[in-house]
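Protein chains in written order, with our numbering: chain A, 1 to 319; chain B, 1 to 271.
(1) In terms of DSSP beta bridges, what is residue 172/A paired with?
(2) At the 9 angstroms Cβ level, is residue 125/A part of the contact set with chain B, yes or no?
(3) Does residue 36/A come out as helix, strand or coil in the three-state DSSP assignment?
(4) Determine, using beta carbons only, whether residue 136/A comes closer than 9 angstroms to chain D.
(5) Just grab the DSSP bridge partners of residue 89/B for me.
(6) Kindly indicate if chain A contains any beta-carbon less than 9 angstroms away from that of residue 141/B.
(7) Taking the alpha-carbon of residue 120/A as reference, which of 23/B, 160/B, 8/B and 129/B has the nearest alpha-carbon?
(8) With the cut-off set at 9 angstroms, would you say residue 199/A and residue 41/A are in Cβ contact?
(9) State the Cα-Cα distance for the pair residue 144/B and residue 145/A, rounded to the nearest angstrom.
(10) Taking only beta carbons into account, state which residues of the region 101 to 120 of chain B come closer than 7 angstroms to chain A, listed in chain order.
(11) Taking Cβ positions only, does residue 100/A come closer than 9 angstroms to chain B?
(12) Residue 90/A versus chain B: which residues are under 8 angstroms apart at the beta carbon?
(13) Using a C-beta to C-beta distance shorter than 7 angstroms, which residues of chain B count as neighbours of residue 86/A?
(14) May I ask you to report which of helix, strand or coil DSSP gives residue 244/A?
(15) Starting from the beta carbon of residue 288/A, find every residue of chain B whose beta carbon is closer than 8 angstroms, and list them in chain order.
(16) From residue 110/A to residue 159/B, what does the alpha carbon distance come to, in whole angstroms?
(17) Taking the C-alpha atoms as reference points, what is the distance between residue 84/B and residue 65/A?
(18) Could you confirm whether any beta carbon from chain A is found closer than 9 angstroms to the beta carbon of residue 31/B?
(19) If the cut is a Cβ gap below 9 angstroms, which residues of chain A does residue 26/B touch?
(20) Helix, strand or coil: which one does DSSP assign to residue 124/B?
(21) Between the Cα of residue 118/A and the Cα atoms of 88/A, 129/A and 298/A, which residue gives the shortest distance?
(22) What are the uninterrupted segments assigned as alpha helix (DSSP H) that are 4 or more residues long and contained completely in the region 24 to 80 of chain B, given in chain order?
(23) For chain A, find out if any of its Cβ atoms is closer than 9 angstroms to the Cβ of residue 178/B; answer yes or no.
(24) What beta strand (DSSP E) runs, 3 residues minimum, are completely inside the region 215 to 297 of chain A?
(25) Any Cβ of chain B within less than 9 angstroms of the Cβ of residue 33/A?
(26) Given a cut-off of 9 angstroms on the beta-carbon distance, is the pair residue 242/A and residue 192/A in contact?
(27) What do you get for residue 295/A, buried or exposed, if any count of 16 or more other CB atoms within 10 angstroms of its CB means buried?
(28) Could you tell me whether any Cβ in chain B is nearer than 9 angstroms to the Cβ of residue 130/A?
(29) Quick one: which residues of the region 60 to 76 of chain A get their C-beta closer than 9 angstroms to a C-beta of chain B? List them in chain order.
(30) Short of 9 angstroms Cβ to Cβ, which residues in the region 32 to 66 of chain B face chain A?
(31) I'd like the list of long-range same chain contacts for residue 52/B, defined as Cβ closer than 8 angstroms, with 5 residues on each side in sequence excluded.
(32) Compare the C-beta of residue 1/A with all C-beta atoms of chain B and state if any pair is closer than 9 angstroms.
(33) Considering only DSSP beta bridges, list what residue 24/A is partnered with.
(34) Expressed to the nearest angstrom, what Euclidean distance is found between the alpha-carbon atoms of residue 168/A and residue 201/A?
(35) Roughly how many angstroms separate the alpha carbons of residue 315/A and residue 289/A, rounded to a whole number?
(36) Out of curiosity, what's the CA-to-CA distance linking residue 166/A and residue 14/B?
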């Protein structure tokens with residue numbers, strides 16, 4: 001008699017967001033043109049793309065504040081069209097533009113917001129203290145919001161979105177407009193959330209943000225998904241390991257292309273430089289010099305998501 | 001399709017429509033407790049100044065007579081001024097404050113991603129306005145009583161009618177504000193609707209003094225209906241049938257405003 005063999009079953013995390021052929025039209029304008037997305041619990045999922053790619057429209061549909069035009073969408077296993085409030089009760093939303101109550105205190109912003117989620121006064125009082133700590137705003141708790149810096153307001157907006165311990169946190173361009181220090185502080189907070197198991201969906205047009213925070217992402221352009229994968233997968237699929245950047249006086253770079261084109265797998269021409277995609281950047285640079293090409297400056301670096309985007313769309317992310 | 005329930009760690013729940021409306025009002029109250037001083041001048045002081053200037057100043061030149069129901073002008077004016085003030089306050093509260101929540105402070109956009117719905121956000125706004133109208137009218141009546149502008153307890157009946165007239169104007173104006181992208185339309189509303197409605201609809205003098213062709217314009221305004229009700233109730237001259245007519249008209253204005261407001265809030269906040 002053979003023993004019964006039990007396969008080790010890896011229970012896949014449940015799908016929190018599923019979109020099939022999702023579209024959104026505003027009049028004649030097609031903001032989202034049929035996208036398929038699946039986000040599982042515990043993931044940090046990103047929508048990377050330039051302004052106008054349809055990222056925010058997608059986010060607003062997922063946050064159940066914008067009815068879809070077509071296709072299917074389920075959020076937390078429910079249909080936003082019929083169960084919007086039930087879904088929203090379990091979401092945290094950080095909008096692109098802060099909409100804090102600037103004439104209330106930091107603490108009051110958290111407390112009044114929590115009341116919309118059915119939390120008691122005692123619950124919001126307690127939760128506010130915890131979130132003030134998390135957002136590093138405890139010393140500003142009873143200050144009015146208006147004079148706070150952009151980074152502090154953003155941290156408060158994120159703290160506010162956590163008032164109901166959401167199952168899914170949606171962040172639309174979380175660090176746009178912040179200085180580098182404020183961005184890093186914010187990333188640190190988001191990283192902690194991710195570590196604690198909160199599912200994140202992030203839109204961004206910063207490739208470094210996507211690389212820092214996202215386990216998996218889709219590249220969006222013109223309302224469609226151009227590619228999907230983890231940052232490293234996307235880079236290895238759509239770019240080379242290294243990139244050689246050659247800087248020239250603007251306008252003179254085009255003429256150099258014929259003499260270097262065979263040194264790389266691919267050459268991109270930008271307004272002031274050439275990008276040579278190759279496995280071996282230093283080697284390519286030596287060969288460039290050997291052919292008597294004299295750039296103003298040169299740089300060998302690793303490929304980034306920016307290169308992926310450039311390859312997929314022929315454009316840069318931030319114009 | 002079988003829906004799989006996804007286990008939740010979230011503490012958020014959906015509120016009943018009434019609770020959601022009241023939580024929204026609570027939020028307005030939190031704001032008001034911090035910032036009421038900024039609104040005190042327009043909602044309390046201005047009407048009192050009006051009462052003093054018109055009642056004592058101008059009124060000293062007016063003989064009590066048939067037109068004033070035998071009352072001094074000050075006493076004749078007080079219940080009507082409650083109505084006028086309520087409609088003016090209602091206009092403030094349903095224009096700039098509403099547009100701000102859409103485009104300057106954007107607080108509606110914060111609320112709409114919670115379980116609360118656009119229609120509930122509208123209900124909160126209108127309920128809050130009602131609360132503001134009740135409280136400012138009550139304060140005004142107390143001041144008026146202290147100034148001797150009140151002849152008897154009947155003036156208390158002016159309060160509910162004033163609030164009703166205020167809401168009859170506020171509800172459609174809130175709906176109108178929900179369709180605005182800028183504050184441009186508001187100055188026109190004040191100049192060409194609110195000020196004429198204040199001056200020429202029976203509060204300061206009977207509309208029988210108006211040219212005949214102008215009177216129908218007064219009849220469509222909530223102020224005229226409110227003044228008829230408030231003054232009639234105060235001096236005990238109100239008869240049932242006209243009273244029902246006035247109340248019915250004002251309630252209809254509220255109802256139209258509520259239907260439009262819910263629709264426009266939904267249209268604007270769920271795009």
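All residues carry an ideal CB built from backbone N, CA and C; glycine is no exception.
Put simply:
(1) Reading the first chain from its first residue, position 172 is the one you call residue 172/A. For residue 172/A, which the question treats as bridged, DSSP gives the partners 203/A.
(2) Position 125 of the first chain, counted from the start, is the residue given in the question as residue 125/A. So no, residue 125/A is outside the interface.
(3) Working through the first chain from its first residue, we reach residue 36/A at position 36. In the structure shown, residue 36/A sits in a strand (DSSP, three-state: E or B).
(4) Protein chains A and B are contained in the structure displayed, whereas chain D is not.
(5) Counting from one through the second chain, the residue named residue 89/B turns up at place 89. DSSP output for residue 89/B lists no bridge partner at all.
(6) Along the second chain, one-based indexing puts residue 141/B at 141. For residue 141/B, the answer is no, since every Cβ of chain A falls outside 9 angstroms of its Cβ.
(7) Working through the first chain from its first residue, we reach residue 120/A at position 120. The shortest C-alpha separation from residue 120/A is found at 23/B.
(8) Your numbering for residue 199/A matches position 199 in the first chain. Your numbering for residue 41/A matches position 41 in the first chain. Yes, these two residues count as a Cβ contact at 9 angstroms.
(9) Reading the second chain from its first residue, position 144 is the one you call residue 144/B. Reading the first chain from its first residue, position 145 is the one you call residue 145/A. The straight-line gap from Cα to Cα measures roughly 39 angstroms.
(10) Of all residues in the region 101 to 120 of chain B, 105, 106, 107, 109, 110, 111, 112, 113, 114, 115, 116 and 117 have a Cβ within less than 7 angstroms of some Cβ in chain A.
(11) What you label residue 100/A is simply residue 100 of the first chain in a count that begins at 1. Closer than 9 angstroms to the CB of residue 100/A there is at least one CB belonging to chain B.
(12) In the first chain, residue 90/A corresponds to position 90, counting from 1. Correct list: 8, 10 and 12.
(13) Taking the first chain and counting its residues from 1, one reaches residue 86/A at position 86. Here the neighbours are 14.
(14) What you label residue 244/A is simply residue 244 of the first chain in a count that begins at 1. Note: residue 244/A maps to strand in three-state DSSP.
(15) As a position in the first chain, residue 288/A is number 288, starting the count at 1. By Cβ distance, chain B contributes nothing, its closest Cβ being about 52 angstroms from residue 288/A, past 8 angstroms.
(16) The residue you call residue 110/A lines up with position 110 of the first chain. The residue you call residue 159/B lines up with position 159 of the second chain. Roughly 36 angstroms separates the two Cα atoms.
(17) Position 84 of the second chain, counting from 1, holds the residue named residue 84/B. Position 65 of the first chain, counting from 1, holds the residue named residue 65/A. Distance from the CA of residue 84/B to the CA of residue 65/A, rounded to the nearest whole angstrom, comes to 39 angstroms.
(18) Within the second chain, residue 31/B is the residue found at index 31, counting from 1. Cβ-Cβ to chain A under 9 angstroms: yes for residue 31/B.
(19) Here the question's residue 26/B lines up with position 26 in the second chain. Correct list: 112 and 115.
(20) As a working mapping, residue 124/B is identified with position 124 in the second chain. Residue 124/B falls in the helix class under three-state DSSP.
(21) By one-based count along the first chain, residue 118/A stands at place 118. Distances from the CA of residue 118/A to each of 88/A, 129/A and 298/A were compared; the closest alpha carbon is that of 88/A.
(22) With a minimum length of 4 residues, the continuous alpha helix (DSSP H) runs that stay inside the region 24 to 80 of chain B are 46 to 50.
(23) Residue mapping note: residue 178/B aligns to position 178 of the second chain, counting from 1. Not one chain A Cβ lies under 9 angstroms of residue 178/B.
(24) 216 to 221, 224 to 229, 242 to 247, 266 to 269 and 273 to 278
(25) Start at 1 with the first residue of the first chain, and residue 33/A comes out as number 33. For residue 33/A, the answer is no, since every Cβ of chain B falls outside 9 angstroms of its Cβ.
(26) Here residue 242/A refers to the residue found at position 242 when the first chain is read from its first residue. Here residue 192/A refers to the residue found at position 192 when the first chain is read from its first residue. Not a contact, by the Cβ cut-off of 9 angstroms.
(27) Residue mapping note: residue 295/A aligns to position 295 of the first chain, counting from 1. Burial call: buried.
(28) Translated into positions along the first chain, residue 130/A becomes position 130. It does not; no Cβ of chain B falls within 9 angstroms.
(29) 60, 63, 64, 65, 66, 67, 74 and 76
(30) 34 and 35
(31) Within the second chain, the letter at position 52 stands for residue 52/B. Close CB contacts of residue 52/B within its chain, under the 8 angstroms cut and outside five residues either way in sequence, are with 147 (chain order).
(32) If you number the first chain from 1, residue 1/A lands on position 1. Any reading at residue 1/A must be qualified, since the residue scores a pLDDT of 49, below 50, and its modelled position is unreliable; the value itself is stated next. Output row for residue 1/A: interface = no.
(33) What you label residue 24/A is simply residue 24 of the first chain in a count that begins at 1. DSSP output for residue 24/A lists 32/A as bridge partner(s).
(34) Position 168 of the first chain, counting from 1, holds the residue named residue 168/A. Position 201 of the first chain, counting from 1, holds the residue named residue 201/A. The alpha-carbon atoms of residue 168/A and residue 201/A are separated by roughly 8 angstroms.
(35) For the purposes of this step, residue 315/A is identified with residue 315 of the first chain, where counting begins at 1. For the purposes of this step, residue 289/A is identified with residue 289 of the first chain, where counting begins at 1. Each residue's alpha carbon lies about 28 angstroms from the other.
(36) If you number the first chain from 1, residue 166/A lands on position 166. If you number the second chain from 1, residue 14/B lands on position 14. Looking at the two C-alpha atoms, the distance is approximately 14 angstroms.
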